[in-house]
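Under the working numbering, the first residue of the sequence shown is numbered 58, with each subsequent residue one higher. Glycine residues also receive a C-beta, built at the ideal position from the N, C-alpha and C atoms. A quick note: this is a predicted structure, and the numbers were derived from the prediction, not measured. One structure is given below, encoded as structure tokens.
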Amino acid sequence: MNDAPVFDENFRKELWRLIEWRRDVRRFRTVPVPQALVDELLDLVQLSPSVGNSQPWRFVQVVSAAKREAIRTNFQRCNADALANVSGKRAEAYARLKLEGIDAAPIQFAIFCDRSTCQGHGLGARTMPEMLDYSVAGMIACLWLAARAMGLGLGWVSILDPAIAARDLDTPTSYKLIAYLCIGWPEEEHVDPELVRLGWQDRTRLGRDILCV
Ligand SMILES: Cc1cc2nc3c(=O)[nH]c(=O)nc-3n(C[C@H](O)[C@H](O)[C@H](O)COP(=O)(O)O)c2cc1C
58 MNDAPVFDEN
68 FRKELWRLIE
78 WRRDVRRFRT
88 VPVPQALVDE
98 LLDLVQLSPS
108 VGNSQPWRFV
118 QVVSAAKREA
128 IRTNFQRCNA
138 DALANVSGKR
148 AEAYARLKLE
158 GIDAAPIQFA
168 IFCDRSTCQG
178 HGLGARTMPE
188 MLDYSVAGMI
198 ACLWLAARAM
208 GLGLGWVSIL
218 DPAIAARDLD
228 TPTSYKLIAY
238 LCIGWPEEEH
248 VDPELVRLGW
258 QDRTRLGRDI
268 LCV
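Put into structure tokens, the structure is as follows:
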């Protein structure tokens with residue numbers, strides 16, 4: 058198509074910088090996010106890849122104080138459990154981590170995969186039905202970068218009991234929880250992950266090793 062864009066060197070440099078500076082954000086300013094920005098993001102991520110073009114992501118926006126409290130309680134229990142399962146210096150390090158932004162993030166979404174969707178007619182998911190879940194994760198990666206490009210921060214919370222979250226949010230039984238996302242204006246910007254800065258886990262090059270067969 059002749060109106061296909063040409064992504065020049067300058068654009069590529071900016072895209073690389075966007076990927077370098079995408080962070081998992083847990084500290085948010087409480088300033089509201091205009092609904093138009095949220096709508097723009099949600100429209101954009103409908104273009105994300107998905108198995109069979111199934112678009113199985115389902116967004117549940119968590120708005121009410123009661124529902125947020127339920128999610129916070131869920132997180133606190135699971136996080137206490139996780140802490141109880143480590144000991145010594147690891148436990149001290151774990152206790153120092155901030156692993157969610159539920160208190161301050163103005164926008165919060167529980168993101169589900171609708172495993173019963175007919176969209177896509179099962180293409181590509183017959184032998185590996187988990188491809189539907191991976192499609193949702195792929196959408197979240199797009200959302201993460203697009204939010205960052207708007208100056209917004211996104212934090213992925215997975216320290217939750219999915220069955221309790223589904224009960225508290227009253228979601229259909231075919232919905233599988235993939236992520237709880239906190240979105241808002243970040244309090245601080247960093248080029249390095251918080252888990253690296255706080256000594257929990259360095260980045261490595263392990264994933265760069267290629268096995269040739
Ligand atoms: C599937 C997934 C689940 C995650 N769950 C959590 C979480 O529960 N709490 C948290 O603080 N960060 C969570 N993260 C963020 C990671 O800790 C973060 O991506 C990693 O430390 C690298 O930091 P960066 O995203 O800032 O580069 C999650 C990330 C992914 C991809």
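If distances are taken between C-alpha atoms only, which option among Val143, Leu234, Ala61, Glu157 comes closest to arginine 115?
Leu234
Quick check on the burial criterion: 16 or more other C-beta atoms within 10 angstroms. Buried or exposed for aspartate 190?
Under this definition aspartate 190 is a buried residue.
Does ligand 1 have a heavy atom nearer than 6 angstroms to the CB of leucine 252?
yes
Proximity winner among Pro250, Ile240, Gly179, relative to glutamate 77 (alpha-carbon distances)
Pro250
Report the three-state DSSP secondary structure of leucine 72 (helix, strand or coil).
helix
What does DSSP give as the partner residue(s) for lysine 233 in the beta ladder?
Cys170
In or out: threonine 15 buried (at least 16 other Cβ within 10 Å) or exposed?
The question about residue 15 has no answer, for the chain in this structure spans 58 to 270.
Label isoleucine 267 either buried or exposed according to how many other C-beta atoms from any shown protein chain fall within 10 Å of its C-beta, with 16 as the threshold for buried.
exposed
Straight-line CA distance for glycine 177 to aspartate 60?
28 angstroms
Who are the Cβ neighbours of leucine 94 in its own chain at under 8 angstroms, not counting the five residues just before and after it?
Met207, Leu209
Name the residue from Ala203, Val90, Arg260 whose alpha carbon lies nearest to the alpha carbon of proline 163.
Val90
First and last residue of the alpha helix (DSSP H) that includes arginine 134?
122 to 141
So, helix, strand or coil for proline 243, using DSSP?
In the three-state reduction of the DSSP assignment, proline 243 falls in the strand class.
Could you check which residue in Asp259, Arg83, Gln258, Ser107 has the C-alpha nearest to that of glycine 181?
Ser107
Hey, could you find the ends of the alpha helix (DSSP H) valine 193 is sitting in?
188 to 206
Expressed to the nearest angstrom, what Euclidean distance is found between the alpha-carbon atoms of leucine 154 and phenylalanine 166?
22 angstroms
Going by DSSP, name the residue or residues bridged to arginine 86.
Beta-bridge partners of arginine 86 (DSSP): none assigned.
Distance, lysine 124 Cα to glutamate 245 Cα:
27 angstroms
Tell me, please, which residues DSSP counts as bridged to glycine 306.
Outside the shown range of the chain (58 to 270) lies residue 306, about which nothing can therefore be said.
Terminal residues of the continuous beta strand (DSSP E) containing leucine 211?
Following the DSSP letters along the chain, one finds leucine 211 inside the beta strand (DSSP E) bounded by residues 210 to 214.
Measuring only the C-alpha atoms, how far is methionine 196 from leucine 255?
28 angstroms
Sort Phe132, Met188, Cys269 by Cα distance to isoleucine 159 and report the nearest one.
Phe132
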